[in-house]
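Remarks on the structure that follows.
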């Protein structure tokens, strides 16, 4: 690839904005400038390029003598040799700044303008010697000289020249004369061929007309040229021996590149982008945050993905002949984005007359003058290898071990490893008749490499894997050699060492593990003994367990078992679903004939879980007087085959509360039970609803909800009086009574002598004991206020304590379609009440109650699992409930 400031492949998005002081720095690294040439008065205009090893080459001028528009310079060439800067003097005269391109052999090519001899001079360096040739001689005294050149695939130059003459002589001619020439020159062998592109004359008193020229070659080495004439951008390409020219749009100072279809893309002054489409030429301005008319494009190119980009200087300081910023403008595919990459500080002596180039790794190289001397700075990569040397584990002959080496770019430039080679030990043998013969012992090899040919951005890493395979019982030494673009450590050497030792012999027992049935949510562990029956150390590799729900406990990976010793491996089986599992353990080692060994694993996950059932004392609290309360007890039973863990009980509804809780945070064994009490305390009259939520690990009902309801009933005494009708007593009940005095005096209460023993008075609350015998009782309540007393009769009916029927658990019923199953129902009522049996509303249609039996008669459409409730009522509010599960399968004859 020919490398100058045009034609460089870019790795986009490389740099972040960086600000320059005495050095060049960002948040993490410092970019230091270095002096290229210690001489003063250097770099009165420079051009920089890089070779294929990303080493910089610079053409620049050293001032010999100063005279306005007639100064004398020595053209100098400097390059980095790998350890120091080498400076050569080329020519001395009135030369303008050159352009520099590196050819495919790493040799520099330049074009100079000799203003004294009026010549364009082409120079190139081969075998450490420079050759200069005159391309074209001119006779005019041009006011404007522009040129550009490039190299083709054979490293032959293609040069385009632009001259403009602008003389004013009013006395003799009275007007301005212009003679303009655009010339294209190529070299074949030692001969130069020139073609005139354009020659025009202008009328008097017209401004300058030639403002820039640029050349690029297509894949067939045909030239394409863009140039400015009369403030118009023109495009010319050579087709055979004929130049075809056309006008694109207005503008000047163009630079041109071609895409893969040879379509021209031109960037002109002011970042004006111009291209040719199927319908003609189009143009628009690229985004920038600075004055676009003082933006100097240094690199305009297209990458391998067809994306256009440019680097340009901006924010020009005319007093100090320098630009303050370097910017990057690129096409993302969805539009153009502009970024400021570098920004110099306000010290005018720091850096001026700048030029830049981007190397193949996307690193920026910059030349410029600082403190009257030529300086160079670049984004530099820095390589770090971990480990810095590799000492392989001992292994037996014929076996191998591997080691990864991590390569990290710790610098601030892109890093590229050009090649990685392995240097093995050399043995020397004497062969009779042939003498001493050397032979490489290939014990070290490279088995994986994701670094070579790859560009690592700052902070990125890559990995290479080295392998050691000893041939005999011996010690070996070698090295891993990495050649990179690290300027200070371009040849990184990593030492390799290893030893061949006696072989081990692996043995293990048992050869397979069967965990049997394990409950879901639990685990079972078993051990495997691994022993070494050989004479050398047994090195275990990275052990791995395959198969869902199998894992290693106390991993013994990467450990060593000494000869005639053993170690243990623990394997855990923790099933998560109800099914059969299988897997294996792979044990790699340095046993050459058994590597790796495999242990098969089997096991089944089964459901062993609790099943919640709530026995409710009452769900409907009925009528409860306002500001009194009624309690109901609920019993939670585990009817499953495993433990039931109950985490919490939550009561909702403002009038309901949890007063006794022996259930939350408890574990119920199969058949076990625990109780809790809910209190209904209405604060005003009306119907109230709530619920009890029981959270457990029941897989089918993790959140069991029981609905609650109750009605608050008011008992009022007025003027002052008491009510004459009381509640129906079933449990301990409190009743709030009230009265008002016409005079507003305080009111107190008392019981008449006819009040039964189970009634007491506490302030304004009547308390009815739960041990009241069944019957109807009428007694007197007295209200006293301001010396007056009134009485009311209160009638209370007590039914005594009524116990709920208890239905014995019904086993899960399996029944086939087309058949009938009859199940005897066993119910006990503590009060001996006559009971009525029934089913819940969600019971399947094939289930019914006949006498004291549950009858199941499913059809084909009923196949599946059905859960419903069996009910027993004593007609006095007591209700027994039992959950029934029926599993219906298809009959064999259906």
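Residue numbers (my numbering): 124 to 1017.
Even for Gly, the Cβ is constructed at its ideal location relative to N, Cα and C.
Keep in mind it's a predicted model, so treat the numbers as computed, not measured.
Rounded to whole angstroms, what's the CA-CA distance from residue i to residue j? Just pull it up for me.
{"i": "residue 528", "j": "residue 534", "result": "18 Å"}
{"i": "residue 238", "j": "residue 219", "result": "8 Å"}
{"i": "residue 614", "j": "residue 591", "result": "22 Å"}
{"i": "residue 700", "j": "residue 731", "result": "11 Å"}
{"i": "residue 728", "j": "residue 761", "result": "22 Å"}
{"i": "residue 718", "j": "residue 679", "result": "16 Å"}
{"i": "residue 885", "j": "residue 813", "result": "29 Å"}
{"i": "residue 647", "j": "residue 631", "result": "20 Å"}
{"i": "residue 808", "j": "residue 793", "result": "43 Å"}
{"i": "residue 743", "j": "residue 832", "result": "5 Å"}
{"i": "residue 213", "j": "residue 440", "result": "31 Å"}
{"i": "residue 780", "j": "residue 799", "result": "11 Å"}
{"i": "residue 518", "j": "residue 448", "result": "59 Å"}
{"i": "residue 416", "j": "residue 257", "result": "35 Å"}
{"i": "residue 201", "j": "residue 605", "result": "27 Å"}
{"i": "residue 968", "j": "residue 745", "result": "32 Å"}
{"i": "residue 259", "j": "residue 420", "result": "27 Å"}
{"i": "residue 388", "j": "residue 196", "result": "36 Å"}
{"i": "residue 424", "j": "residue 452", "result": "11 Å"}
{"i": "residue 860", "j": "residue 920", "result": "18 Å"}
{"i": "residue 446", "j": "residue 436", "result": "6 Å"}
{"i": "residue 188", "j": "residue 366", "result": "42 Å"}
{"i": "residue 116", "j": "residue 695", "result": "The structure shown does not extend to residue 116, since the chain spans only 124 to 1017, so no value can be given for it."}
{"i": "residue 479", "j": "residue 170", "result": "8 Å"}
Quick one, which of the options has its alpha-carbon nearest residue i's?
{"i": "residue 776", "options": "815, 768, 767, 446", "result": "815"}
{"i": "residue 1002", "options": "738, 763, 873", "result": "738"}
{"i": "residue 177", "options": "860, 494, 489", "result": "489"}
{"i": "residue 638", "options": "338, 697, 625, 622", "result": "697"}
{"i": "residue 217", "options": "767, 207, 193", "result": "193"}
{"i": "residue 689", "options": "715, 725, 652, 941", "result": "652"}
{"i": "residue 645", "options": "566, 667, 726", "result": "726"}
{"i": "residue 205", "options": "173, 190, 236", "result": "173"}
{"i": "residue 404", "options": "355, 422, 412", "result": "355"}
{"i": "residue 400", "options": "392, 382, 409", "result": "382"}
{"i": "residue 608", "options": "641, 582, 483, 663", "result": "483"}
{"i": "residue 414", "options": "667, 722, 393, 407", "result": "393"}
{"i": "residue 634", "options": "649, 406, 620", "result": "649"}
{"i": "residue 949", "options": "822, 972, 371", "result": "972"}
{"i": "residue 662", "options": "629, 642, 932", "result": "629"}
Distance cutoff 8 Å, beta carbons only. Does residue i sit that close to anything in chain D?
{"i": "residue 517", "result": "Looking for chain D here will not work: only one protein chain is present."}
Taking buried to mean at least 16 other C-beta atoms within 10 Å of its own C-beta, is residue i buried or exposed?
{"i": "residue 747", "result": "buried"}
{"i": "residue 245", "result": "buried"}
{"i": "residue 156", "result": "buried"}
{"i": "residue 395", "result": "buried"}
{"i": "residue 481", "result": "buried"}
{"i": "residue 379", "result": "buried"}
{"i": "residue 1011", "result": "buried"}
{"i": "residue 222", "result": "buried"}
{"i": "residue 573", "result": "exposed"}
{"i": "residue 997", "result": "buried"}
{"i": "residue 322", "result": "Confidence in residue 322 is poor, its pLDDT being 42 and thus under 50, which makes the residue's placement too unreliable to answer from."}
{"i": "residue 390", "result": "buried"}
{"i": "residue 595", "result": "exposed"}
{"i": "residue 334", "result": "buried"}
{"i": "residue 735", "result": "buried"}
**Message:** Tell me whether the region 666-685 and the region 755-766 touch, counting them as touching only if at least three CB pairs, one residue from each stretch, are closer than 8 Å.
**Reply:** As far as the Cβ criterion goes, the region 666-685 does not touch the region 755-766, which means the pair count is below three.
**Prompt:** Any contact of the region 539-549 with the region 567-584, i.e. 3+ C-beta pairs under 8 Å?
**Reply:** Touching, yes.
**Asked** Are at least three pairs of beta-carbons, each pair with one atom in the region 986-997 and one in the region 943-962, less than 8 Å apart?
**Response** As far as the Cβ criterion goes, the region 986-997 touches the region 943-962, which means the pair count is three or higher.
**Item:** Touching by the beta-carbon criterion (3+ pairs, under 8 Å), the region 701-720 and the region 500-511
**Value:** With the cut-off at 8 Å, the region 701-720 and the region 500-511 do not touch.
**Prompt:** Which full runs of the beta strand (DSSP E) of 3+ residues lie inside the region 337-395, going along the chain?
**Reply:** For the region 337-395, whole beta strand (DSSP E) runs of length 3 or above, ordered along the chain, are 346-352, 355-362, 365-373, 378-381, 387-391.
**Message:** Which complete beta strand (DSSP E) runs does the region 149-210 hold, if anything under 3 residues is left out?
**Reply:** You should have 157-160, 165-173, 179-188, 195-203.
**Asked** Which runs of the beta strand (DSSP E) spanning at least 3 residues fall entirely within the region 617-641, listed in chain order?
**Response** Fully contained in the region 617-641 are the following beta strand (DSSP E) runs of length 3 or more, in chain order: 629-632.
**Message:** Restricting to runs no shorter than 3 residues, where is the beta strand (DSSP E) found entirely within the region 924-978?
**Reply:** For the region 924-978, whole beta strand (DSSP E) runs of length 3 or above, ordered along the chain, are 936-939, 944-947, 959-962, 970-973.
**Message:** As an exercise, report each continuous beta strand (DSSP E) stretch of at least 3 residues that is fully enclosed by the region 489-558, in chain order.
**Reply:** DSSP runs (the beta strand (DSSP E)) wholly in the region 489-558: 496-501, 506-509, 512-514, 524-532, 538-546, 549-554.
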